[in-house]
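Be aware that the sequence shown starts at 4, since it is given in the numbering used here, and climbs by one per residue.
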Amino acid sequence: FYNLENLFDTENDPLTYDDDRTPDGKDHWTEEIYQDKLKNMSKVMAEIGAEVSGSAPTIIGVCETENRKVLEDLVNQETLVEQDYGIIQFDSPDRRGIDVALLYKKKLFTPTHYKAKELLIYDDNDKSKRVFTRDQLVVSGMLDGEKIHLIVNHWPSRSGGEKRSRSKRIKAAKLNRQIIDSIFSDDPYAKIITMGDLNDDPTNPSVKDYLNAKRKSNDLQMKELYNPMEDLAKQGYGSLAYRDSWNLFDQIIISTELTKKDFSSYRFYKAGIYNKTYLVNAHGRYKGYPYRSFASGSYTGGYSDHFPVYIYLVKEK
């Protein structure tokens, strides 16, 4: 999963607040910058996990993408075009015009059903005023002949402070759990992967108590969820940095069935954070932070303010 840090094209969409990301806008977002950003994002995506699997990821969830066009431009980059990625994306009601999407290698994954689940949340001070945020994307399909369910998330941000905005992420967690439970009611042995930028850490109430993701995989009951990112967070790893401390908002959480040790079908092998040296700021005030693509009002030539996260699924040949 990768938060692409505002992957916008240069066109002005009259229906969203994207005016800054245009050549004449505040960000001076030119075609040249857009093409460079695409090149950078595609380089990273092609490399995630490749040292073990020998290839770019089979499935990639992304967020902070403006529309389908930017995703098409992305998968047609030189480093990715040969992978032949399909795209599943819906325009979500988010006021910034950013969406979540799923990219998949057509030769390995066949989607059979997909939908966007709307997250209804309201202003704390005015319950009649809806806060427009990202949908949760639910995709079911066949991964190399095995049924799997994928959910791509970008939960409400911490703007206004973690505490003040907490209820919005709890709402997102409840919706996510509802989606998962409805899949389980059809098939208690379902292989489910929910992933995304949750804007919360693995130990925050939304993830721990409401989504009910567990730290340990060895004593899971049927229809439970395991969060391999919690151990990484406990070891001090993060996918983004804020005020000199790490957060691990980008998470991939899996159902019990994927944790079993019978490798005749796909099972979880390990999780990681892709934080290669070139994705890290080498100097200055933000030394050690992710090398973001936009800072202090201008394009930096960097990548994203988040590191990508990944898991490997393996089976016996």
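No residue lacks a Cβ here, since even glycine has one placed at the ideal position from N, Cα and C.
Query raised in the report: Taking the C-alpha atoms as reference points, what is the distance between M232 and S168?
Result: 22 Å
Report task. Taking all protein chains shown into account, decide if Q139 is buried (16 or more other Cβ within 10 angstroms of its Cβ) or exposed. Result -> buried
Query - Exposure of K237, with buried meaning 16 or more beta-carbon neighbours within 10 Å - result: exposed
Query raised in the report: Ordered along the chain, which non-local residues of its own chain (more than five positions away) have a Cβ less than 6 Å from that of R161?
Result: S168 and N202
Requested in this report: Would you check if there are 3 or more beta carbon pairs closer than 8 Å linking the segment 96-111 to the segment 47-65?
Outcome: yes
Query raised in the report: Can you name, in chain order, every residue of its own chain whose Cβ lies under 8 Å from the Cβ of K110, other than the five neighbours on each side?
Result: D87
Query raised in the report: When we look at the beta-carbon of Q92 and count the other beta-carbons within 10 Å, is it buried (16 or more) or exposed?
Result: buried
Report task. Report the residue from Y313, K318 and K320 whose alpha carbon sits nearest the alpha carbon of Y5. Result -> Y313
Requested in this report: Go to S168, then tell me how far its alpha helix (DSSP H) extends in each direction, as first and last residue.
Outcome: E165 to D189
Report task. To the nearest angstrom, report how far apart S170 and Y213 are at their CA atoms. Result -> 11 Å
Query raised in the report: If you compare alpha carbons, which of E319, Y315 and R295 is closest to N9?
Result: R295
Requested in this report: Output yes or no for whether 8 Å exceeds the beta carbon distance between S242 and H157.
Outcome: no
**Report entry** Own chain partners of I151 with C-beta closer than 6 Å, once the 5 adjacent residues on each side are dropped
**Finding:** K194
Requested in this report: Tell me where the beta strand (DSSP E) around M145 begins and ends.
Outcome: Q139 to L146
Requested in this report: Measure how close the beta-carbons of K318 and S267 come, nearest whole angstrom, since I'm counting them as under 8 Å.
Outcome: 7 Å
Requested in this report: Within the segment 31-80, note down every full alpha helix (DSSP H) run reaching 4 residues or more, in order along the chain.
Outcome: 34-50, 53-56 and 71-78
Query raised in the report: CB-CB under 7 Å to E34, same chain, minus the five flanking residues each way: which ones, in chain order?
Result: T13
Requested in this report: Mind checking which residues open and close the beta strand (DSSP E) that includes D102?
Outcome: D102 to K108
Query raised in the report: Do you know offhand how far S1's Cα is from K108's?
Result: The chain is shown only over 4 to 320; residue 1 falls outside these bounds and no answer can be derived.
Query - Nearest-angstrom Cα separation, counted from G304 out to L228 - result: 38 Å
Requested in this report: Using three-state DSSP, classify P293 as helix, strand or coil.
Outcome: strand
Query raised in the report: Opposite F271 in the DSSP bridges: which residues?
Result: L316
Query raised in the report: Hey, A274 and I255 are a contact pair by Cβ (cut 8 Å); roughly how many whole angstroms apart?
Result: 6 Å
**Report entry** Nearest candidate by alpha-carbon position, reference V84, set P191, A49 and Q224
**Finding:** A49
Query raised in the report: With burial defined as no fewer than 16 other Cβ atoms inside 10 Å of the residue's Cβ, what is the status of G239: buried or exposed?
Result: exposed
Requested in this report: Whole angstroms is fine: what's the gap from G57's alpha carbon to I196's?
Outcome: 22 Å
Query raised in the report: Just to confirm, are V141 and K118 a CB contact at a threshold of 8 Å?
Result: yes
Query raised in the report: Where does A244 sit, in a helix, a strand or coil, going by DSSP?
Result: strand
Query - First and last residue of the uninterrupted beta strand (DSSP E) at M198 - result: I195 to D200
Query - Residue of F112, Y125 and L261 minimising C-alpha distance to P191 - result: L261
Requested in this report: Evaluate A216 with the Cβ neighbour count: other Cβ atoms within 10 Å of its Cβ, from every protein chain shown; 16 or more gives buried, anything less gives exposed.
Outcome: buried
Requested in this report: Helix, strand or coil for Q92, going by three-state DSSP, please let me know.
Outcome: strand
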